[in-house]
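Notes follow the structure.
There are 2 protein chains.
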Amino acid sequence: MDNLPKSEANTTPLTPLTFFTRASKCYANRASIIYEGTTFTWKQTYERCCSLAFSLRALNVARNHVVSVLAPNIPAMYEMHFAVPMAGAVLNTINTRLDANNIATILHHSEAKLFFVDYEYVPKAKEALQLLMEKESTTTLATHTNSYSSNLPLVIVIDDINSPTGIRFGELEYEQLVHNGDPNFIPYEIQDEWAPIALNYTSGTTSAPKGVVYSHRGAYLSSLSLILGWEMGTEPVYLWTLPMFHCNGWTLTWGVAARGGTNVCLRNTTAHDIYRNIAMHNVTHMCCAPVVFNIILESKSGIEPNEIKLKSPVRILTGGAPPPAALLEKIESIGFQVTHAYGITEATGPALVCEWQRQWNKLPKQEQARLKARQGVSVLTLGEVDVKNLDTMESVPRDGKSLGEIVLRGSGIMKGYFKDPMLTSKALCNGWFQTGDVGIIDSDGYIEIKDRSKDVIISGGENISSVEVESILYKHPRVLEAAVVAMPHPKWGESPCAFITLNKNIKGKTEKDVTETDIISYCSKNMSKFMVPKVVKIVEELPKTATGKIQKYELRVKAKGFAVTQYHHILPMSRL
Amino acid sequence: MDNLPKSEANTTPLTPLTFFTRASKCYANRASIIYEGTTFTWKQTYERCCSLAFSLRALNVARNHVVSVLAPNIPAMYEMHFAVPMAGAVLNTINTRLDANNIATILHHSEAKLFFVDYEYVPKAKEALQLLMEKESTTTLATHTNSYSSNLPLVIVIDDINSPTGIRFGELEYEQLVHNGDPNFIPYEIQDEWAPIALNYTSGTTSAPKGVVYSHRGAYLSSLSLILGWEMGTEPVYLWTLPMFHCNGWTLTWGVAARGGTNVCLRNTTAHDIYRNIAMHNVTHMCCAPVVFNIILESKSGIEPNEIKLKSPVRILTGGAPPPAALLEKIESIGFQVTHAYGITEATGPALVCEWQRQWNKLPKQEQARLKARQGVSVLTLGEVDVKNLDTMESVPRDGKSLGEIVLRGSGIMKGYFKDPMLTSKALCNGWFQTGDVGIIDSDGYIEIKDRSKDVIISGGENISSVEVESILYKHPRVLEAAVVAMPHPKWGESPCAFITLNKNIKGKTEKDVTETDIISYCSKNMSKFMVPKVVKIVEELPKTATGKIQKYELRVKAKGFAVTQYHHILPMSRL
């Protein structure tokens, strides 16, 4: 039976492009994209992408060339997720909150041939290209020619499709490429599902960005996983609050096509825009980090949180951090249904999802929140997930307390880091991808992350989970956000240092009603002594990445400052 | 980027066994199987399968050996879907309604090493082995030894786990193998996803059975497709009305494991057993051919159809024939929600599913039924589906009327026919699998089957779709079932001949109230003249396959008899 020959009829390569072709045929007249006053159908989107792919080829883009894009969640950004691979090329979406220097580093490392820039980001892109030019030690700006006369990428500006601004940067404009292309272009045929489809740079906080390469197979299977894990049925209306540059929108760029859903694009994720779009288009699904819950709840658009009640439920997939119980209760009370997932760039987005069990509906809200704060079980197409002692590679017992590193394997795991074989083989050694996250397995098989390995605070030999201290801080009625990091300590090696922001929405209370000492005394009453932060700082704002993750690296630098007179020689530098 | 090496961490082979391992970890304590008084959890089922796989290896079952089974939908049948591939072997489930001769042919052709037989089928199995022995020209019955002293398979009887009968056939019994095995057995590692997992003989009505080989990859992707297409969410309770021997239960044997659902096993699919199990276990999903709707509605268990109202909706996936409008309306009125799919053994079960669109809910019931009778759009993991003119290989226009053959390609298509390279290359030629079904594409992209190519009646040069004539017959209030086949005709070449059964549930009406002439006259008023059956036969029962499909081959033989005096030399024999 092994000898039955493979044929074209039974060995189609797995690629998200088949979702798109299928959508263009099965859901031809259904809305694919809605962006303010502009709407497309799946047939139109398909034809636009064929046209764009044609134009990319005409600009000499070839197999495995990198095409970079710096743009918010606009239609062009969505279309490029299909048009670029349809030209045989690899899509590189750049985090729009990176600075010009980071962007230059990515353009340089990826050897991008084309660089699509949304009109809003033209100033930053100009600066990045200037820096890139210095890196490349060349003097010709490629934006004024149609060929690759240098190592600099050709720039294409994306003007707003709904309300054009006329802002240009070089000669080429996105709509013009679509207009000049051929809607009957026959897409580049993917022969090998292991071929690259996307290159995503992780926003490394401590090191140079790493270029994570996704295969067509990995993107395909991960997209299916997320639809299955989130139980996204047919005809979803998906609101793009999560940036598409983040793991290709947790693979939902491709996933919404698989479901023939409608993509509601958003330039800005203000509370006002979110509510307006939900109401206008009957949004059914959206993704965001828990910090966005605050944006939604602390609506600055004149809508009072108490007045909000959604007409029909909107499902939120959240990740990046466990949703704190209080926040979860508030957001669910106004009609959002939250699913918690855990993803990582190297795993092509979500790898674990906290699958809800019906029996939990009978539990008290607080207990439900605790269960939901867990990262959960592996998504369906992941080969395997485990929590292991990395020294012995043995699995930890399912006891809800033994810590180990979360490791993953499966076809959704990246091909590797672009041009970095050393780092690749380190990340993928022993047959597993090592996430760098430390967790436990509960007796029911659900995994909970206790910390990033580098965020664990080791105090007098005790491992303190910064997440655990934070979760207790979150229960304080005045705490809006909390982040705990290691601070050098002359006696214990490290000790916890907490940074918090205060909830200002409580009537009759001012900021001065609560002091740092109050918080420390609250902690003393609510956690083990060795876990109590030695220093608490109330701040106006916590430093965050583009995706809303708190940047603990910056806080660690600050914490080091607070303790500088005391420790000096004691702290192991490697932990910073 | 092509050069990034594959590693164990990112290239796990696709196999349904990962669904099972995952279920044993993520849903360890959830019910996996319920069968009368017997219940297992996923952890228990996993351990039982490890034990059984161990015992299979101990019985010298090796990689790619075929293990056959003749059993109804009992726990053992479900377990073997995992235990057999966990031993590296290939599962061959045999249609229990085949006769001893057919079974002997399958055992001979598949070279089965083991033959599991449910106690109910021991007499038939004995007869089959006798016939096999004659085929093999050997005199040793292998059932009395533990080794392969002949080409005959070793027999293992499966006694009823819930109420053992003590019936034996040879020395070995299923529960004993489970008991003697090792629950910690480490399953055979699937290295290549293209390796075979199952061998399913199509119940060929005109030719010798063909052995359709499924790969692990195909089984995996097809399972995901069906869960997605049917929108089967988490925690389904699946009632096994569809035989598992039919395309491995349309891949749901593996699919229910993927969802961590509960399998409610059934020895007999009587209306009484169906209702009893639905009520006791809160069944959410089941599959069956439309003819089973009649069993459900014409309940012989003392329950009147009018009294039936399900407590909560049960989703039915139906296939094999389009559900007639009247039947659809009746079954949905008592709480079943019907999804229509189209499958074929060679495509590893369902290949098309009639995805329901919300906007259709506003249409009149009759129109909804018409839309639902269509076979629909391709399941998600199928590479592509098309309707083509096989002579030119051109696609037919999406006009709802141009006929062509339905062709499929994708990883869910079989590896090929076992030991039949000629037939394999014929079925998979030109890059497509040719279904032998004739259909159209509507303007919305939905496909509708008009006929099996061999069922099309060619009368005076006109193509008559037998399905179309049947659908009009079904609208007659007294018609319960209808089947139309070609009958030789001296003038027109062929003409339609209808076989019908009558609805006996109508009060105050007897069978004699309606005559064959009445039906012909009804047809004359309701269809084009050339389509009107020249002969109508009212029969007590239509001949059916084990899965409830009407056996048109037998009817064609009968129809030939009716017309025998008239035609003789005219009919092309190839069409019979």
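Residue numbers (UniProt numbering), protein chains in the order written: chain A, 1 to 576; chain B, 1 to 576. Even glycine gets a Cβ: it sits at the ideal position worked out from N, Cα and C. If you're wondering where the values come from, they're calculated on a predicted model, not measured in any experiment.
* Do we get a CB-CB distance below 9 Å when we pair Q357 (chain A) with the residues of chain B? -> In terms of beta-carbon proximity, Q357 (chain A) lines the interface with chain B, with at least one pair separated by less than 9 Å.
* Could you tell me which residues DSSP puts in a beta bridge with V536 (chain A)? => Answer is A:A498, bridged to V536 (chain A).
* Asked: Which residue's Cα is closest to the Cα of Y474 (chain B): B:N263, B:G211, B:A325 and B:V122?
  -> Looking at the Cα atoms, B:A325 is the closest of the given residues.
* **Proximal chain A residues relative to F433 (chain B), where beta-carbon distance stays under 8 Å** => The CB of F433 (chain B) comes closer than 8 Å to the CB of A9 and N10 in chain A, given here in chain order.
* Tell whether a beta-carbon distance below 9 Å holds between residue 656 (chain B) and I440 (chain B). => Any property of residue 656 (chain B) remains undetermined from this structure, which presents chain B solely from 1 to 576.
* Alpha carbon to alpha carbon, how far is E173 (chain A) from G37 (chain A)? Give it in angstroms, no decimals. => Distance between the alpha carbons of G37 (chain A) and E173 (chain A) is about 20 Å.
* Establish whether the CB of M280 (chain A) and some CB of chain B are separated by less than 9 Å. => So no, M280 (chain A) is outside the interface.
* **Limits of the unbroken beta strand (DSSP E) element including L70 (chain B)** => Looking at the DSSP string, the run of the beta strand (DSSP E) that includes L70 (chain B) is V66 to L70.
* To do: Give me the Cβ distance between M244 (chain B) and T348 (chain B), rounded to the nearest whole Å; I'm assuming they're in contact under 8 Å.
  => Incorrect: roughly 14 Å between the Cβ atoms, too far for contact.
* Contacting residues, own chain, Cβ-Cβ under 7 Å from G261 (chain A) (five flanking each side not counted) -> Cβ within range, chain order: E235, P236, V237 and Y238.
* Taking 8 Å as the threshold, find out whether the region 353-362 of chain A comes into contact with the region 428-437 of chain A through three or more Cβ pairs. => The region 353-362 of chain A is not in contact with the region 428-437 of chain A.
* How do the region 267-286 of chain B and the region 531-549 of chain B stand: do at least 3 beta-carbon pairs fall below 8 Å, yes or no? -> A contact is defined here as three or more CB-CB pairs under 8 Å, and the region 267-286 of chain B fails this definition with respect to the region 531-549 of chain B.
* Spell out whether any CB of chain A is found under 9 Å from the CB atom of I186 (chain B). => I186 (chain B) does not count as touching chain A.
* Is W250 (chain A) close to chain B, meaning its C-beta is less than 9 Å from at least one C-beta of that chain? -> For W250 (chain A), the answer is no, since every Cβ of chain B falls outside 9 Å of its Cβ.
* **Cross-strand partners of V155 (chain A) (DSSP beta bridge)** => Beta-bridge partners assigned by DSSP to V155 (chain A): A:F115.
* Asked: Would you call the region 288-298 of chain A and the region 46-63 of chain A touching, i.e. three or more CB-CB distances under 8 Å?
  -> In this structure the region 288-298 of chain A does not lie against the region 46-63 of chain A, because fewer than three pairs of beta carbons, one per stretch, are closer than 8 Å.
* Determine the chain A residues that contact G319 (chain B) at a beta-carbon separation under 8 Å, and present them in chain order. => By Cβ distance, chain A contributes nothing, its closest Cβ being about 18 Å from G319 (chain B), past 8 Å.
* Apply the 10 Å Cβ neighbour rule to E541 (chain A) and answer buried if 16 or more other Cβ atoms are within range, or exposed otherwise. => With a threshold of 16 other beta carbon atoms within 10 Å, E541 (chain A) falls short and is exposed.
* **Closest residue to A351 (chain A) among A:A486, A:S223 and A:F116 (Cα-Cα distance)** => Of A:A486, A:S223 and A:F116, the residue nearest in Cα terms is A:S223.
* To do: Using the Cα positions of S471 (chain A) and T318 (chain B), report the straight-line distance between them to the nearest angstrom.
  => So the two alpha carbons sit approximately 49 Å from each other.
* Asked: Just to confirm, are V117 (chain A) and V155 (chain A) a CB contact at a threshold of 9 Å?
  -> Less than 9 Å divides the Cβ of V117 (chain A) from the Cβ of V155 (chain A).
* Is the Cβ of K25 (chain A) closer than 9 Å to any Cβ of chain B? -> The beta carbon of K25 (chain A) falls within 9 Å of a beta carbon belonging to chain B, placing the residue at that interface.
* Asked: What in chain A is Cβ-close to N102 (chain B), meaning under 9 Å?
  -> Contacts between N102 (chain B) and chain A, judged by CB atoms closer than 9 Å, are missing: the closest CB pair is about 21 Å apart.
* To do: Assign N3 (chain A) to one of two classes, buried (16 or more other C-beta atoms within 10 Å of its C-beta) or exposed (fewer than that).
  => By the neighbour-count criterion, in which 16 or more other beta carbons inside 10 Å mark a residue as buried, N3 (chain A) falls on the exposed side.
* Asked: With distances taken between CB atoms, is the gap from A125 (chain A) to F115 (chain A) smaller than 9 Å?
  -> It is a contact, given that the beta carbons lie within the stated cut-off.
* To do: Give every residue of the same chain whose Cβ lies closer than 7 Å to the Cβ of D386 (chain B), excluding the five residues on either side of it in the sequence, and list them in chain order.
  => The residues are S395 and V407.
* **Proximity below 9 Å, CB of A28 (chain A) to CB of T41 (chain A)** => Yes. Within cutoff.
* Asked: At what residues does the beta strand (DSSP E) containing A341 (chain B) begin and finish?
  -> F336 to I344 is the extent of the beta strand (DSSP E) around A341 (chain B).
* Asked: Looking at the C-beta of A195 (chain A), does it have a partner C-beta in chain B at a distance below 9 Å?
  -> Cβ-Cβ to chain B under 9 Å: yes for A195 (chain A).
* Asked: Since Y446 (chain B) contacts R374 (chain B) with CB under 8 Å, what's their CB separation in whole angstroms?
  -> That pair is a contact at about 5 Å.
* **DSSP three-state assignment for E231 (chain A), whether helix, strand or coil** => DSSP, reduced to helix, strand and coil, places E231 (chain A) outside both helices and strands of the structure shown, so it counts as coil.
* Asked: Hey, out of B:V514, B:V485 and B:G229, whose CA is closest to residue 579 (chain B)'s CA?
  -> A query on residue 579 (chain B) cannot be resolved here, the shown segment of chain B reaching from 1 to 576 and no further.
* Contact with chain A by S55 (chain B), beta-carbon distance below 9 Å -> Chain A contact via Cβ: absent.
* Under 8 Å by beta carbon: chain A residues contacting G233 (chain B) -> Residues of chain A passing the Cβ test: E231.
* Report buried or exposed for N268 (chain A), applying the criterion of at least 16 other Cβ atoms within 10 angstroms of its Cβ. => N268 (chain A) sits exposed, since fewer than 16 C-beta atoms from the chains shown fall within 10 Å of its C-beta.
* So who's on the other strand from T165 (chain B), going by DSSP bridges? -> DSSP output for T165 (chain B) lists no bridge partner at all.
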